[in-house]
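If you read the protein sequences in the order shown, they are chains A and B. Counted the way the working numbering counts, the first sequence spans residues 545 to 744. Counted the way the working numbering counts, the second sequence spans residues 545 to 744. The structure appears below as structure tokens.
2 protein chains.
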Amino acid sequence: MSIRYPNGKPYASEKEIHNPYIKNHTYSNRGMSLEEELNETNEYYSAADIACIHKKPTPLQIVKVDYPQRSAAVVREAYFKQPSTTDYNGVYKGRYIDFEAKETKNKTSFPLQNLHLHQIEHMKQILQHGGIAFVIIKFTFHNEIYFLDAKHMIEYWERQTNGGRKSVTKQEIETKGYLIKCGYRPRVDYLHVLDTLYFS
Amino acid sequence: MSIRYPNGKPYASEKEIHNPYIKNHTYSNRGMSLEEELNETNEYYSAADIACIHKKPTPLQIVKVDYPQRSAAVVREAYFKQPSTTDYNGVYKGRYIDFEAKETKNKTSFPLQNLHLHQIEHMKQILQHGGIAFVIIKFTFHNEIYFLDAKHMIEYWERQTNGGRKSVTKQEIETKGYLIKCGYRPRVDYLHVLDTLYFS
């Protein structure tokens with residue numbers, strides 16, 4: 545892996561780069577982004593032999609690549625693509641795990657524009673084939689992270705499609721979902737919710 | 545998704561872009577690359593409600609992004625990263641599926657330099673957590689595509705680590721693996737091998 549720090553500056557994290565397909569960017573330095581928290585959680589799960597779950601790379605359409613002599617190939621033109629699947633997947637206790645993670649600054653609801661139709665269709669497929677699919681939602685204002693089974697998110701999406709509200713209320717998420725216990729290691733223990741729902 | 549054809553030229557497929565982490569590039573126009581064949585196969589599996597399996601995006605380290613007014617964000621500097629996992633994963637009949645796909649022009653063996661230590665470690669983890677892991681190997685000269693269970697590939701990797709040969713002979717792959725039936729739809733029917741091994 546070629547690590548580069550041009551001008552001595554550290555890399556921007558993926559969340560800090562303005563990818564048009566990531567809504568509600570967090571530019572705050574006050575804490576970790578949800579993505580960073582989940583990456584750390586997944587590293588812990590992997591190191592502790594609990595599960596093997598990874599974030600997929602950001603999908604880019606590469607147009608132009610330079611091959612400078614004696615240096616690594618440099619991508620000089622590429623565009624962000626709309627993701628066709630969710631961001632995270634892997635295996636836990638033999639089961640296929642698949643989820644999307646989103647944070648919102650909204651205090652009382654989760655706007656459905658944070659998700660894409662492709663991702664909803666993907667979650668439907670996963671459920672159909674016997675996988676475990678869900679969404680992790682962080683309300684940054686409240687500093688609360690929720691687990692919501694994909695079947696509920698699909699219902700809310702379809703409610704919107706049928707002319708209903710364009711968001712899921714925090715109260716609905718509290719009722720149908722589960723508050724995830726956050727700590728030091730693992731930081732965001734979402735597998736604990738799965739244990740209760742699927743493995744107990 | 546923003547599709548662009550600069551200079552009227554069609555996009556290069558990922559295989560045609562010289563990613564240093566993809567060995568044995570196929571620049572030939574005589575047929576589809578293994579990646580294209582597998583993408584088509586996976587699209588078929590998805591459309592026919594058989595399985596949900598996708599190729600992960602190519603991992604890139606993004607360094608610089610331009611935001612031209614009234615245009616899509618353009619990545620202006622990015623570097624290929626060594627993949628830490630395998631390229632394909634998904635769910636089939638409730639099971640977690642994970643594999644790497646490689647083609648070689650070699651006639652009599654598969655060079656182990658086509659894989660990375662990280663990928664071998666990843667496959668070990670998948671097996672440990674109850675997933676199904678394997679490698680799909682195409683011998684382009686013979687136009688034959690083989691399925692080899694990860695446990696065998698791990699054995700060959702460890703043989704190399706212990707001072708043994710730096711490749712797997714085609715004969716070994718023929719003996720321990722399975723020739724995948726190729727046709728029109730699906731093009732490379734690797735799930736048929738899984739049916740025989742795991743679901744019969």
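The beta-carbon is built from N, C-alpha and C at its ideal position, and this holds for glycine as well. None of the values given here were measured: they were computed from a predicted structure.
(request) Put residue 663 of chain A into one of helix, strand or coil per three-state DSSP. (result) In the structure shown, residue 663 of chain A sits in a helix (DSSP, three-state: H, G or I).
(message) Quick check: residue 601 of chain A and residue 600 of chain B, are their CB atoms within less than 8 Å of each other?
(response) Yes, these two residues count as a Cβ contact at 8 Å.
(message) I'd like to know whether the C-beta atoms of residue 645 of chain A and residue 578 of chain A end up nearer to each other than 8 Å.
(response) If you check the CB distance, residue 645 of chain A and residue 578 of chain A come in under 8 Å.
(request) Please state whether DSSP places residue 668 of chain A in a helix, a strand or coil. (result) Of the three classes helix, strand and coil, the one that applies to residue 668 of chain A here is helix, per DSSP.
(request) Give the interface partners of residue 603 of chain B over in chain A, defined as CB-CB distance under 8 Å, in chain order. (result) The CB of residue 603 of chain B comes closer than 8 Å to the CB of 601 in chain A, given here in chain order.
(request) Helix, strand or coil for residue 571 of chain A, going by three-state DSSP, please let me know. (result) Low per-residue confidence applies at residue 571 of chain A: pLDDT is 45, beneath 50, and the placement is therefore not dependable, though the value from the model is reported in the following sentence. Here residue 571 of chain A sits in coil by DSSP.
(message) According to DSSP, simplified to helix, strand and coil, what is residue 551 of chain A?
(response) At residue 551 of chain A, the pLDDT of 45 sits below 50, so the modelled position is not reliable and the matter cannot be decided from this model.
(request) Output the distance between the C-alpha atoms of residue 741 of chain A and residue 638 of chain A, rounded to the nearest integer angstrom. (result) Computed Cα separation, rounded: 15 Å.
(request) Would you kindly report the start and end of the unbroken beta strand (DSSP E) that includes residue 633 of chain A? (result) For residue 633 of chain A, the uninterrupted beta strand (DSSP E) run begins and ends at 632-636, by DSSP.
(request) Compute the Euclidean distance between the alpha carbons of residue 726 of chain B and residue 682 of chain B, then round it to the nearest angstrom. (result) Residue 726 of chain B and residue 682 of chain B: Cα-Cα distance of roughly 11 Å.
(request) Would you kindly work out how many angstroms separate the C-alpha atoms of residue 669 of chain A and residue 707 of chain B, rounded to a whole number? (result) The alpha-carbon separation between residue 669 of chain A and residue 707 of chain B amounts to approximately 45 Å.
(message) When you compare the CB positions of residue 630 of chain A and residue 730 of chain A, do they come within less than 8 Å of one another, or not?
(response) No. Outside cutoff.
(message) Please report the distance separating the alpha-carbon of residue 623 of chain B from that of residue 711 of chain B.
(response) For residue 623 of chain B and residue 711 of chain B, the gap between their C-alpha atoms comes out near 29 Å.
(request) Grab the span of the beta strand (DSSP E) containing residue 622 of chain A for me, first residue to last. (result) Taken as a continuous stretch (DSSP letters only), the beta strand (DSSP E) holding residue 622 of chain A covers 618-624.
(request) In angstroms with no decimal places, state the Cα-to-Cα distance between residue 642 of chain A and residue 733 of chain B. (result) Computed Cα separation, rounded: 24 Å.
(request) To the nearest angstrom, report how far apart residue 684 of chain A and residue 709 of chain B are at their CA atoms. (result) Linking residue 684 of chain A to residue 709 of chain B through their CA atoms gives a straight-line distance of about 54 Å.
(request) Pull up the distance between the alpha-carbon of residue 687 of chain B and that of residue 617 of chain A, whole angstroms please. (result) Spanning the two alpha carbons is a distance of roughly 30 Å.
(request) Give the residues of chain B in contact with residue 670 of chain A, contact being defined as C-beta atoms less than 8 Å apart. (result) Chain B residues near residue 670 of chain A: 596, 635.
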